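Shown next as structure tokens:
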């Protein structure tokens, strides 16, 4: 993906999918974090903000983020939100400022900053300042959407964001381009420098047989480095985006420390992936195929996996739900339990008043 020369450019279909995921997730993220008892203000960081609009008038990611908060029915209850839009080109910064101004007067709890400069440099200064002060980054969602695989700051910057509590990263990880470019010595040097990959890391990736296996190694290598830098246990999801020739372009990678984040992002990816045009990668659940949510059989498949895992036991509903969210590629739907109960695989539900309901606190006995 080459950075266009013009201030504005035409949007492509893959970017539209990315923006749908971003919009649907933020509409859940803002109210969830605003309802936190900590009282902390929120931060949304867009590291490659662009001009805020495409050539045919479609909104860019900064406008999508602002509107996700602005149009939310609970916006009056939101805490203070800092919107940091970082863009390297002055012409695009100017265009973005004008685009934001066209939205009219924003609520007093919306604090918008458009900063011209490179993402890795600007964010490094923010993080260094916080470290010197012994302060913590507020609950933050950081969207890192570069045109290529450079200038992201790599695991060092991204991992430092994830050191802080309630901070999350959504990254466009150019696996397809990196996997094809790594065999060129010059491009390989750039990849290793940008992502802090060693020769051993690259050798492990390139020695894997088959494109899919190599892609999984790219993901694994990044994940392990982020865990090392952040010093944290991280949950992650991947959304695979393929080109017209069915070759992988990139993975949209999401990293968080919290199960609620995984649940909300799965829902966002599900609502995008169920069109059949894009596929949710279930690699992080140790399965090989890409889950196609346009295939209605996924609920049956999930129900079968739930039964195989829990058969012969009695489980709290929360434990079952958490297992589905964290250990399978599927989203949570109670209809899966209805299916199992109708098939006689659930023998008793303790703590409910109506048939085929599974309220919080209930216990499920599996045959």
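Residue numbers (the numbering used here): 6 to 372.
Note that the Cβ used here is the ideal one computed from N, Cα and C, for glycine as well.
All of these numbers come straight from a predicted model, not from anything done at the bench.
Same chain, Cβ closer than 6 Å to residue i, neighbours up to 5 away in sequence not counted
{"i": "residue 361", "result": "343"}
{"i": "residue 168", "result": "235"}
{"i": "residue 339", "result": "363"}
{"i": "residue 57", "result": "65, 67, 68, 101 and 104"}
{"i": "residue 87", "result": "48 and 116"}
{"i": "residue 141", "result": "169"}
{"i": "residue 110", "result": "none"}
{"i": "residue 357", "result": "364 and 367"}
Residue environment, residue i, which counts as buried when at least 16 other CB atoms sit within 10 Å
{"i": "residue 219", "result": "buried"}
{"i": "residue 227", "result": "buried"}
{"i": "residue 178", "result": "buried"}
{"i": "residue 238", "result": "exposed"}
{"i": "residue 133", "result": "exposed"}
{"i": "residue 263", "result": "exposed"}
{"i": "residue 151", "result": "buried"}
{"i": "residue 79", "result": "exposed"}
{"i": "residue 196", "result": "buried"}
{"i": "residue 283", "result": "Reliability of the predicted coordinates at residue 283 is poor, the pLDDT of 45 falling under 50, and the value obtained from them is presented with this limitation in mind. Classification of residue 283: buried, given that the 10 Å Cβ count is 16 or more."}
{"i": "residue 305", "result": "exposed"}
{"i": "residue 355", "result": "exposed"}
Whole-Å CB distance - residue i paired with residue j, under 8 Å assumed
{"i": "residue 330", "j": "residue 372", "result": "With 8 Å as the limit, residue 330 and residue 372 do not qualify as a contact, their Cβ atoms being about 23 Å apart."}
{"i": "residue 98", "j": "residue 119", "result": "5 Å"}
{"i": "residue 158", "j": "residue 129", "result": "7 Å"}
{"i": "residue 147", "j": "residue 50", "result": "4 Å"}
{"i": "residue 105", "j": "residue 71", "result": "7 Å"}
{"i": "residue 222", "j": "residue 210", "result": "4 Å"}
{"i": "residue 268", "j": "residue 337", "result": "7 Å"}
{"i": "residue 52", "j": "residue 207", "result": "Residue 52 to residue 207, Cβ: 25 Å. No contact."}
{"i": "residue 423", "j": "residue 317", "result": "With the chain represented from 6 up to 372, any question about residue 423 goes unanswered, as that position is not in the structure."}
{"i": "residue 255", "j": "residue 246", "result": "6 Å"}
{"i": "residue 38", "j": "residue 171", "result": "7 Å"}
{"i": "residue 333", "j": "residue 348", "result": "Rounded, the Cβ-Cβ distance is 19 Å, inconsistent with contact."}
{"i": "residue 162", "j": "residue 125", "result": "5 Å"}
Candidates the options: closest to residue i by CA position
{"i": "residue 248", "options": "13, 20 and 11", "result": "20"}
{"i": "residue 143", "options": "131, 318 and 264", "result": "131"}
{"i": "residue 18", "options": "323, 305, 277 and 304", "result": "277"}
{"i": "residue 266", "options": "356, 174, 141 and 222", "result": "174"}
{"i": "residue 215", "options": "317, 165, 253 and 341", "result": "253"}
{"i": "residue 154", "options": "193, 305, 25 and 114", "result": "193"}
{"i": "residue 95", "options": "356, 205 and 12", "result": "12"}
{"i": "residue 242", "options": "25, 191, 260 and 250", "result": "260"}
{"i": "residue 62", "options": "90, 341 and 16", "result": "16"}
{"i": "residue 77", "options": "225, 176, 107 and 29", "result": "29"}
{"i": "residue 25", "options": "108, 73 and 10", "result": "73"}
Own chain, CB closer than 8 Å to residue i, minus 5 neighbours either side, in chain order
{"i": "residue 55", "result": "65, 66, 67, 92, 97 and 101"}
{"i": "residue 350", "result": "312, 316, 371 and 372"}
{"i": "residue 145", "result": "47, 48, 49, 50, 166, 169, 171, 172 and 173"}
Sequence-distant residues of its chain with Cβ nearer than 7 Å to residue i (five each side left out)
{"i": "residue 123", "result": "93 and 156"}
{"i": "residue 14", "result": "59 and 60"}
{"i": "residue 335", "result": "303, 307 and 329"}
{"i": "residue 292", "result": "Note that residue 292 has pLDDT 42, beneath the 50 cutoff, so the model's placement of it is unreliable and the number below is only indicative. If we look at residue 292 and ignore the five residues flanking it on each side, its Cβ neighbours are 334."}
{"i": "residue 202", "result": "196 and 226"}
Please confirm if the stretch 76 to 89 is in contact with the stretch 173 to 191, defined as three or more CB-CB distances below 8 Å between the two stretches.
no
Determine contact between the stretch 350 to 370 and the stretch 304 to 324, defined as no fewer than three beta-carbon pairs at a distance below 8 Å.
yes
Segment contact flag, the stretch 27 to 36 with the stretch 185 to 199, C-beta cutoff 8 Å, min 3 pairs
no
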